[in-house]
Amino acid sequence: MAELGGLLQTERNFIRVELIDDPAAIAECSARAGHTGDRIICQRCGDADLTIAAILVVPAGGESQWALCAACLLEMP
Ligand SMILES: [Zn+2]
């Protein structure tokens, strides 16, 4: 895992996030999070019928991962 301590110390108000929008990478993230063989559900609207369009990874939050469907992704600023 990349060392982000220095970055976080100098840029305290800056939260680095990573947007994963590659289907293969999303599947990999899903598997890593223990959802193997299981569909990930959008964590914003919780609609299981919607396909996940992207995963927002927040390293500063302990590698928090937010799965977002296309509709929710578009609502983000
Ligand atoms: Zn959604």
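Residue 1 is where the sequence shown starts when you use my numbering, and the numbers rise one by one after that.
Beta carbons: idealized from backbone N, C-alpha and C, even for Gly.
Since this is a predicted model, take the numbers as computed values, not measurements.
For ligand 1, any of its heavy atoms closer than 6 Å to the Cβ of residue i?
| i | result |
| --- | --- |
| residue 69 | yes |
| residue 29 | no |
| residue 32 | no |
| residue 44 | yes |
Using DSSP bridges, identify the partner residues of residue i.
| i | result |
| --- | --- |
| residue 68 | 54 |
| residue 18 | 57 |
Considering Cα atoms alone, identify which of the options is closest to residue i.
| i | options | result |
| --- | --- | --- |
| residue 24 | 74, 54, 77, 66 | 54 |
| residue 41 | 77, 69, 76 | 69 |
| residue 45 | 17, 71, 64, 20 | 71 |
| residue 22 | 51, 47, 59 | 51 |
| residue 32 | 57, 47, 48 | 57 |
Only counting the same chain, and skipping five residues up and downstream in sequence, which positions put a Cβ closer than 6 Å to that of residue i?
| i | result |
| --- | --- |
| residue 73 | 53, 54 |
| residue 43 | 66, 67 |
With a CB to CB cut of under 7 Å and the five nearest residues on each side skipped, what residues in its chain are close to residue i?
| i | result |
| --- | --- |
| residue 30 | 40 |
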